[in-house]
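Asker: Got a structure for you, questions after.
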Amino acid sequence: MLQINFIRENPEEVINRLKTKNFEASVLVDQIIGIDEKRRLSQTKLDDSLAEANKIAKSFGQLFKEGKREEAELLKVRTAELKIISKELSDELDASVLEMNRLLVQLPNLPHHSVPAGRSAADNENIFSEGRIPELGDFAVPHWDLIKKYNIIDFDLGNKVTGAGFPFYRGKGARLQRALINFFLDEGINAGYTEYQPPLVVNEASAYGTGQLPDKEAQMYAVPLDGFYLIPTAEVPITNIYRDVILKEDEFPIKNVAYSNCFRREAGAWGADVRGLNRLHQFDKVEIVQIRKPEDSYQALEEMRDYVTSLLRKLELPFRILRLCGGDMSFTSALTYDFEVFSGAQKRWLEVSSVSNFESFQANRMKLRYKDKTGKAIIAHTLNGSALALPRIVAALLENNQTENGINIPKALVPYTGFEVID
RNA sequence: GGAGAGUUGGCAGAGUGGUCUAUUGCGGCGGUCUUGAAAACCGUUGACCUGCAAGGGUCCGGGGGUUCGAAUCCCUCACUCUCCGCCA
Numbered sequence: 010m011l012q013i014n015f016i017r018e019n020p021e022e023v024i025n026r027l028k029t030k031n032f033e034a035s036v037l038v039d040q041i042i043g044i045d046e047k048r049r050l051s052q053t054k055l056d057d058s059l060a061e062a063n064k065i066a067k068s069f070g071q072l073f074k075e076g077k078r079e080e081a082e083l084l085k086v087r088t089a090e091l092k093i094i095s096k097e098l099s100d101e102l103d104a105s106v107l108e109m110n111r112l113l114v115q116l117p118n119l120p121h122h123s124v125p126a127g128r129s130a131a132d133n134e135n136i137f138s139e140g141r142i143p144e145l146g147d148f149a150v151p152h153w154d155l156i157k158k159y160n161i162i163d164f165d166l167g168n169k170v171t172g173a174g175f176p177f178y179r180g181k182g183a184r185l186q187r188a189l190i191n192f193f194l195d196e197g198i199n200a201g202y203t204e205y206q207p208p209l210v211v212n213e214a215s216a217y218g219t220g221q222l223p224d225k226e227a228q229m230y231a232v233p234l235d236g237f238y239l240i241p242t243a244e245v246p247i248t249n250i251y252r253d254v255i256l257k258e259d260e261f262p263i264k265n266v267a268y269s270n271c272f273r274r275e276a277g278a279w280g281a282d283v284r285g286l287n288r289l290h291q292f293d294k295v296e297i298v299q300i301r302k303p304e305d306s307y308q309a310l311e312e313m314r315d316y317v318t319s320l321l322r323k324l325e326l327p328f329r330i331l332r333l334c335g336g337d338m339s340f341t342s343a344l345t346y347d348f349e350v351f352s353g354a355q356k357r358w359l360e361v362s363s364v365s366n367f368e369s370f371q372a373n374r375m376k377l378r379y380k381d382k383t384g385k386a387i388i389a390h391t392l393n394g395s396a397l398a399l400p401r402i403v404a405a406l407l408e409n410n411q412t413e414n415g416i417n418i419p420k421a422l423v424p425y426t427g428f429e430v431i432d
């Protein structure tokens, strides 16, 4: 959520910059500024009313001591009046705050100046490519055939036990999963990240803190009896560690890495190109999260981009990096790099990571701040990225490394899998 | 799941209806002293809203209530601890 002070002082800039995200903000901005004025007026009037009541309450003891009983009784009447007035003003204030927040959460984050304009994924800017597009033999088949051939991932079993999109991993398939998780976590630790194991369900306040609520409620599985949500990504619990926190300057930089299962309802997102591992309701992901001072956050974003690049190199997968255009960026992001690997048998690029700087957008909503040297509380910047999401990595590894006799495991992974070939 | 006890500032911990503008200690920061440091001593030390400022207001786990007045009394929810039960 954008800061109200910034909107109040720079309404034109907000409106103009959101045009890059194809978001017409002028009506919303006007409404927000209007309700903000109303809110501040209510606050001032309420303060006056409370101040008078406090003053009267304090003079009471004195009046009784001096035996001025009648005068005290008179003040009681005034206090009763003030109480009613305060209640009205307080309700008015609450309503304004509620309405202001309802409007504020509808306003997307401002895109960074480098974000290209554009409508859809077709307008994303390809800023880097590496690796050779594999030329597979005639024997090559997509991963959904390979997993059956080698009996390593079983969708039918998942259908039986749970439902579509919840596969079982079996034998070397399960070990490959475990190997990737450990590999990604170890790499993260070596890069200076602290490993966390987060809860897989979170409360409503956390879902709100990272922006899943109120807008993306349909994306999450819910546990209504307990008021919990299954996490769609480790970003939610890991970033919410810092909800309502005021950090000290020497705690920076904060760099966390966490493996978690991720649960996504993906309502209405199913189609022809989401076969096999391309889209699941439950999948595994290792996530990196950084909390930085505003002046360091873009350097941190580049650092995260380089880090994800290093992972894909070690896995020997052909990949490209896209700078997302305004139209394809998420609501909360200021700048996002997507990583796509080429999956040889499907002959298509698969998104395996999304690295974003949210600037102060999440932190403002979560009240995540730090104190600078002068003791002033400043809103921190949050960043996160996948490093990496497993299913599509697995899909590309299986497809690109297939031979007639089996699937070769990249060298960097062999110490983790304990085998070199799936056959 | 049952019974009981708790939740106060960065931490510890007092306060059980009215100068609480929350005692005190530790820690932090600044200073004096010192070649330097420690010790000692002195000072300072939260967040939020509003306001150009002066100032005003709110916050003692969350929410609600009683009262002229609530950290203090009542209701409710969450969490923590102890004991019992169950259990990987």
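Note that the working numbering has the first sequence beginning at 10, numbered continuously upward. Quick reminder that beta carbons are idealized off the backbone N, C-alpha and C, glycines included.
#1: Straight-line CA distance for residue 84 to residue 66?
#2: Does DSSP put residue 427 in a helix, in a strand, or in coil?
#3: Ignoring anything shorter than 3 residues or poking outside the segment 245 to 323, list the beta strand (DSSP E) runs there in chain order.
#4: List, from N- to C-terminal side, the beta strand (DSSP E) runs of 3 residues or more that fit wholly inside the segment 365 to 392.
#5: Is the distance from the Cβ of residue 272 to the Cβ of residue 239 below 8 Å?
#6: Is it the case that the segment 330 to 337 contacts the segment 120 to 127, given that we only count it when at least three CB pairs across the two stretches are under 8 Å?
#7: Considering only DSSP beta bridges, list what residue 345 is partnered with.
#8: DSSP puts residue 358 in a beta bridge; with which residues?
#9: Is it true that the segment 403 to 414 meets the segment 236 to 254, where meeting means three or more beta-carbon pairs spaced less than 8 Å apart?
#10: Buried or exposed, going by whether 16 or more other CB atoms sit within 10 Å of the CB of residue 36?
#11: Taking the straight line between their C-alpha atoms, what separation do you get for residue 423 and residue 429?
#12: Can you list, in chain order, the stretches of the alpha helix (DSSP H) that have 4 or more residues and sit fully within the segment 156 to 223?
#13: If you run the structure through DSSP and keep just helix, strand and coil, what is residue 406?
#14: With H, G and I counted as helix, E and B as strand and the rest as coil, what does DSSP make of residue 40?
#15: I'd like the span of the beta strand (DSSP E) that includes residue 136, first residue to last.
#16: Can you give the beta carbon distance from residue 262 to residue 301, rounded, assuming they're within the 8 Å contact cut?
#17: Using only the alpha-carbon positions, how far apart do residue 269 and residue 242 sit?
#18: Roughly how many whole angstroms lie between the Cα atoms of residue 236 and residue 114?
#19: With 16 other CB atoms within 10 Å as the buried threshold, where does residue 120 fall?
#20: Using DSSP with H/G/I as helix, E/B as strand and the rest coil, what is residue 417?
#21: With 16 other CB atoms within 10 Å as the buried threshold, where does residue 297 fall?
#22: Report the option in 63, 51, 132 and 417 whose CA atom is closest to the CA atom of residue 30.
#23: Where residue 134 and residue 192 are concerned, what is the direct C-alpha to C-alpha distance, given to the nearest angstrom?
#24: So residue 205 and residue 265 are in contact, right, with Cβ under 8 Å, and what is the actual spacing, rounded?
#25: For residue 306, which option in 392, 431 and 44 has the closest C-alpha, if you only look at C-alpha atoms?
#26: Here's the rule I'm using: 16 or more other beta-carbon atoms within 10 Å means buried, otherwise exposed. How should residue 152 be labelled?
#27: Apart from the five residues on each side of it in sequence, which residues of its chain come closer than 8 Å, Cβ to Cβ, to residue 217?
#28: Excluding the 5 residues preceding and the 5 following residue 350 in the sequence, name in chain order all residues of the same chain whose CB lies nearer than 8 Å to its CB.
#29: If you follow the beta strand (DSSP E) that residue 15 is part of, which residue opens it and which one closes it?
#30: Helix, strand or coil for residue 105? Go by DSSP, reduced to three states.
#31: Is the Cβ-Cβ distance between residue 370 and residue 109 less than 8 Å?
#32: Quick check on the burial criterion: 16 or more other C-beta atoms within 10 angstroms. Buried or exposed for residue 367?
#33: Considering residue 329, what are the terminal residues of the beta strand (DSSP E) in which it resides?
#34: Which whole-angstrom value is the C-beta distance of residue 288 and residue 364, which I expect to be below 8 Å?
#35: Leaving out five residues before and five after residue 196 in sequence, what residues of the same chain have Cβ atoms less than 7 Å from its Cβ?
#36: What is the DSSP secondary structure of residue 129, reduced to helix, strand or coil?
Answerer: In short, the structure shows the following:
#1: Going by the C-alpha atoms only, they are around 9 Å apart.
#2: When DSSP states are grouped into helix, strand and coil, residue 427 belongs to the coil group.
#3: Fully enclosed beta strand (DSSP E) runs of 3 or longer: 255 to 257, 263 to 272 and 291 to 301.
#4: Taking only runs of at least 3 residues, the beta strand (DSSP E) segments lying wholly in the segment 365 to 392 are 378 to 380 and 386 to 388.
#5: Result yes, Cβ atoms of residue 272 and residue 239 sit closer than 8 Å.
#6: Flag = yes, the segment 120 to 127 and the segment 330 to 337 touch.
#7: Its beta-bridge partners are 365.
#8: 351, per the DSSP bridge assignment.
#9: Touching, no, given that fewer than three Cβ pairs across the two stretches are closer than 8 Å.
#10: Residue 36 is exposed by the Cβ-count criterion.
#11: Straight-line Cα distance between these residues: approximately 6 Å.
#12: For the segment 156 to 223, whole alpha helix (DSSP H) runs of length 4 or above, ordered along the chain, are 164 to 170, 181 to 199 and 213 to 218.
#13: Here residue 406 sits in helix by DSSP.
#14: Here residue 40 sits in helix by DSSP.
#15: Where residue 136 is concerned, the enclosing beta strand (DSSP E) stretches over 134 to 139.
#16: Indeed they touch by this definition, with Cβ atoms about 6 Å apart.
#17: Going by the C-alpha atoms only, they are around 7 Å apart.
#18: Distance between the alpha carbons of residue 236 and residue 114 is about 21 Å.
#19: Here residue 120 is buried. Its C-beta has 16 or more other C-beta atoms within 10 Å.
#20: In this structure, residue 417 counts as strand in the three-state DSSP scheme.
#21: Here residue 297 is buried, its C-beta having at least 16 other C-beta atoms within 10 Å.
#22: Distances from the alpha-carbon of residue 30 to those of 63, 51, 132 and 417 put 132 closest.
#23: In a straight line, the C-alpha of residue 134 is about 30 Å away from that of residue 192.
#24: A Cβ-Cβ separation of about 5 Å places residue 205 in contact with residue 265 under the 8 Å criterion.
#25: Ranking 392, 431 and 44 by Cα distance to residue 306 puts 392 first.
#26: With 16 or more other Cβ atoms within 10 Å, it is buried.
#27: For residue 217, where only same-chain residues beyond five positions count, the Cβ hits under 8 Å are 223 and 374.
#28: Taken in chain order, the residues that qualify are 321, 326, 327, 328, 358, 359, 361, 401, 402 and 405.
#29: Not the beta strand (DSSP E): residue 15 falls in the alpha helix (DSSP H), residues 13 to 18.
#30: In the structure shown, residue 105 sits in a helix (DSSP, three-state: H, G or I).
#31: The Cβ atoms of residue 370 and residue 109 do not sit closer than 8 Å to each other.
#32: Residue 367 is buried by the Cβ-count criterion.
#33: For residue 329, the uninterrupted beta strand (DSSP E) run begins and ends at 328 to 332, by DSSP.
#34: About 20 Å; that fails the 8 Å criterion.
#35: A distance below 7 Å between beta-carbons, with the five flanking residues on each side excluded, links residue 196 to the following residues of its chain, in chain order: 320.
#36: Here residue 129 sits in coil by DSSP.
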